[in-house]
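Going down the list, the protein sequences come from chains A and B.
Read in order, the letters of the first sequence correspond to residues 1 to 356 in the UniProt record's numbering.
Read in order, the letters of the second sequence correspond to residues 1 to 356 in the UniProt record's numbering.
The structure appears right after this line, and notes come after that.
There are 2 protein chains.
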Amino acid sequence: MSRQSKPSKIEDIARMADVSIMSVSRAIRGVEGVSEKKRAEILKIARKMKYMPNSAARSLAVANSNLIGISLPTFAADVFAEILNGMRQTFDTAGYSSVIDTTEYDSEAELNWVRRLLSWQPAAIILTGTDHHPETRDLLKASPIPVLEIWDHTDDPIDICVGIDHFQAGQMIGEHAVSLGYQRPAFVSTPRGHDKRADARLEGIRRVFSQQRAAPVIAARPPLGNAFVTGFEGTKTLLANHAPDLICYLNDHMAFGGLMCCQAEGLSVPDDIGVIGFNGLDLATVLPIKLTTVRTLRRLMGITGARNLLARINGVPTELSKILPLELQPGQTTRPQTDNDLMKKGFFRSSQSLGR
Amino acid sequence: MSRQSKPSKIEDIARMADVSIMSVSRAIRGVEGVSEKKRAEILKIARKMKYMPNSAARSLAVANSNLIGISLPTFAADVFAEILNGMRQTFDTAGYSSVIDTTEYDSEAELNWVRRLLSWQPAAIILTGTDHHPETRDLLKASPIPVLEIWDHTDDPIDICVGIDHFQAGQMIGEHAVSLGYQRPAFVSTPRGHDKRADARLEGIRRVFSQQRAAPVIAARPPLGNAFVTGFEGTKTLLANHAPDLICYLNDHMAFGGLMCCQAEGLSVPDDIGVIGFNGLDLATVLPIKLTTVRTLRRLMGITGARNLLARINGVPTELSKILPLELQPGQTTRPQTDNDLMKKGFFRSSQSLGR
DNA sequence: CTGTTAGCGCCTTCAT
DNA sequence: ATGAAGGCGCTAACAG
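Written out as structure tokens, the structure reads:
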């Protein structure tokens, strides 16, 4: 096939339309400074000549671009896919393109990617979490580029952030578990230090159990892998070495793997053991029993983050730090909260009235 | 915070190092033409001055970039995430950045994205499937940019392709089902025309059943949504209106939703009804019974595609069209193939000996 | 090995 | 409303 000899540039169009280069530039960008008549004609000719702008040239001239960099830990988790979806839609309609990176939870990799991305003078950069390589922070702090940190929350963001409070999420789970009377909780997570948010949630649970029950929380840390599988395997080793009456999971996928393991081990949920997930994924809606979990507003998070970031790009003031609410969703994988109901009604008091 | 006054450029470094701009350019790019002594010194100064290259300027000068565009239907499917992972790793280490798009199965959206992307003179473009807007094809055919079509297969790719034969996959499922003696098959899919690959697989199943059993295949097409949920819902309406003895699913996630539905409806799998998935996802490994499915090599597909594409970018000859193998994995969600085993041993013959 | 020259395609600025 | 001149930062191509 005849591969296009040479793409046309605005100069070619200017020559064809018998106008100056500037008129073409203005016409194409849609800025004022050309009569409507001229503009229409120029655009017609541009279309006929299959004109395609050169973003590099434009970017060089204006010292920025319509690229937005997005760094995620991984694609292998619906959670980030959903956040991403919410953002991409917003950016896409605003004319931005997404340069995406997956760090696999490696801050060095993130740093290298940020470096490469900055060379494109992107319109903005989005990072997952608030835990980055110090040089990444320095680099971004020193640049005029808007930065959004998403999913986690901090009082000291690089620029702006939208997320949830993972420690509080852990506390929420802990409070609920305590209110249901659980005594020997466990948490199936990822390798230590791998995911700061996971660690924060575990700390939240621990805080509550240590304060209100003086009980430890056993942490199981299966090796990395598919979430369903790590949930399954983590539970298996956990049950082999301990006798928890409740297992909390890093997320719903792992909780599902855990449920399958309990079933395989002949344990009945919630009679023999309780299970709590995290995120409130759609997966849970098809299960025969409703999963106790914490609902996170992932899509909203993506949309909110994108909106705030766009505002910042356009110089409009916006909230620098936004925390999204969490909602504990009691299900059938934990024991019913009869006692708790009674307590609420004031029949008797328990340790619950102590905490927080 | 003091936001960097003005990023340094190679000219600044040249001045500092007391050499010409070109020496700096060569030193930084790592090309020959500078003495090692000079290079070392230049790099040291560059680091000290926190030099950061300007990709737009480079791109403008050399008329290409190290951006690679990747278009996927959606993130909401592990399948594409896995393919993407395989690719990204390869590209990343080769120094490319990924500009990613999700079309949500809309060819117009894909076209618009391709247009925007082309303005960056990317090193390559990757599209999912072989079914595109005609203008997308024209645009890409006319450009000198390498194009990879992935996941599906065609004899007439835009440029090169790596994928599987979805029609053959359907036939594989059909053959297996026929060999197990199923008579009233159904297929739970997506809305008609939404996903060409889904349609191709259905056709493959239909071909086999019509040839070897003169039996139709009922197609259920639940509205779009979460795969687990659509699998569940599609099965529900299917069972309300028909009495299939086998349900094939678009993918393992939907098959899982279907299994949950069967359970909810009081049907025993595989005694009352058979279930076949697609892809061989890790999810299946944690289920109490092994899912009958077709294994696809998604990660390999990503890696192979990336490798071939890199070769093409570098002008090295590579295979233009690669089909990856499929493997039917018999599981416990379809009835055991005793009869079939007997047939293999030659005890008696059946319609099986007719086809193919 | 080193430096000079002349763009790459577009946009800002300043004339008219 | 229109156009001319100059530059964005970098790199081929050529000259020493």
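For every residue, glycine included, the Cβ atom is placed at its ideal position computed from N, Cα and C.
- In this model, VAL294 (chain B) and ALA76 (chain B) are separated by some 20 Å (Cα to Cα).
- Membership of THR128 (chain B) in the beta strand (DSSP E) is indicated by the continuous run 124-128.
- Scanning its chain for C-beta atoms nearer than 8 Å, with the 5 sequence neighbours on each side dropped, one finds no residue around ALA56 (chain B).
- ALA255 (chain A) places its beta carbon less than 7 Å from that of GLY277 (chain A).
- Taking one beta carbon from each stretch, the region 208-215 of chain A and the region 8-25 of chain B have fewer than 3 pairs nearer than 8 Å; the two do not touch.
- For VAL147 (chain A), the number of other beta carbons within 10 angstroms of its own is at least 16, and it is reported as buried.
- For ILE100 (chain B), the chain A residues whose C-beta falls within less than 7 Å of its own C-beta are SER98 and ILE100, listed in chain order.
- According to the DSSP secondary-structure assignment, THR293 (chain A) is paired through a beta bridge with A:GLN329.
- Under the three-state reduction of DSSP, GLY163 (chain A) is assigned to strand.
- Runs of the alpha helix (DSSP H) spanning 4 or more residues and lying entirely within the UniProt domain "HTH lacI-type" (8-62) of chain A occur at 10-17, 21-29, 36-48 and 55-62, in chain order.
- The C-alpha of GLU327 (chain B) is placed about 22 Å away from the C-alpha of THR128 (chain B).
- Identification of chain B residues near PHE228 (chain A) by a Cβ-Cβ cut-off of 7 Å yields ASP282, LEU283 and VAL286, ordered along the chain.
- Annotation for ASP199 (chain A): the continuous alpha helix (DSSP H) segment containing it runs 196-212.
- For a cut-off of 8 Å, the C-beta gap from VAL178 (chain A) to LEU238 (chain A) is around 20 Å, too long to register as a contact.
- A direct Cα-Cα distance of roughly 12 Å separates ALA220 (chain A) from GLY258 (chain A).
- Think of a sphere of 8 Å around the beta carbon of ARG137 (chain B): no beta carbon from chain A falls inside it, the nearest being about 11 Å out.
- Interface criterion met: the Cβ of TRP120 (chain B) is under 7 Å from a Cβ in chain A.
- Non-local beta-carbon contacts of LEU324 (chain A) in its own chain, meaning distances under 6 Å to residues more than five positions away in sequence, involve ILE164, LEU297 and MET301 in chain order.
- Short of 8 Å from the beta carbon of ILE218 (chain A), and not among the five residues preceding or following it, lie these beta carbons of its own chain, in chain order: ARG184, PRO185, ALA186, PHE187, LEU238, HIS242 and PRO244.
- DSSP places LYS6 (chain B) in the coil class of the three-state scheme, outside both helix and strand.
- Note that the C-beta distance between GLY331 (chain A) and LYS290 (chain A) is below 7 Å.
- Cβ-Cβ separation between THR102 (chain A) and ARG88 (chain B): approximately 6 Å, consistent with a contact (criterion under 8 Å).
- A contact is defined here as three or more CB-CB pairs under 8 Å, and the region 89-100 of chain B fails this definition with respect to the region 152-163 of chain B.
- Against MET52 (chain A), the close residues of chain B are ARG115, LEU118 and SER119, in the order they occur along the chain (beta-carbon pairs closer than 8 Å).
- Annotation: the continuous alpha helix (DSSP H) that includes ILE303 (chain B) extends over 298-313.
- For GLY331 (chain A), the nearest beta carbon of chain B is not closer than 7 Å to its own beta carbon.
- Taking a beta-carbon distance threshold of 7 Å, MET16 (chain A) does not count as an interface residue toward chain B.
- In the structure shown, the three-state DSSP call for VAL147 (chain B) is strand.
- In the DSSP assignment, PRO185 (chain A) is bridged to A:LEU246.
- Rounded to the nearest angstrom, the Cβ distance from GLU104 (chain A) to HIS133 (chain A) is 14 Å, too far for a contact under 8 Å.
- Nearest Cα to PRO53 (chain A) within the set B:GLU233, B:ARG299 and B:ALA63: B:ALA63.
- ALA240 (chain B) sits in a helix when the DSSP states are folded into three classes.
- For LEU320 (chain B), there is no enclosing alpha helix (DSSP H), as DSSP marks it with neither H nor E.
- Neighbours of ARG88 (chain A) across chain B, judged by C-beta separation under 7 Å: THR102.
- The three-state reading of DSSP puts VAL79 (chain B) in helix, counting H, G and I together.
- A buried status is given to MET172 (chain B), since no fewer than 16 other beta-carbon atoms sit within 10 Å of its beta-carbon.
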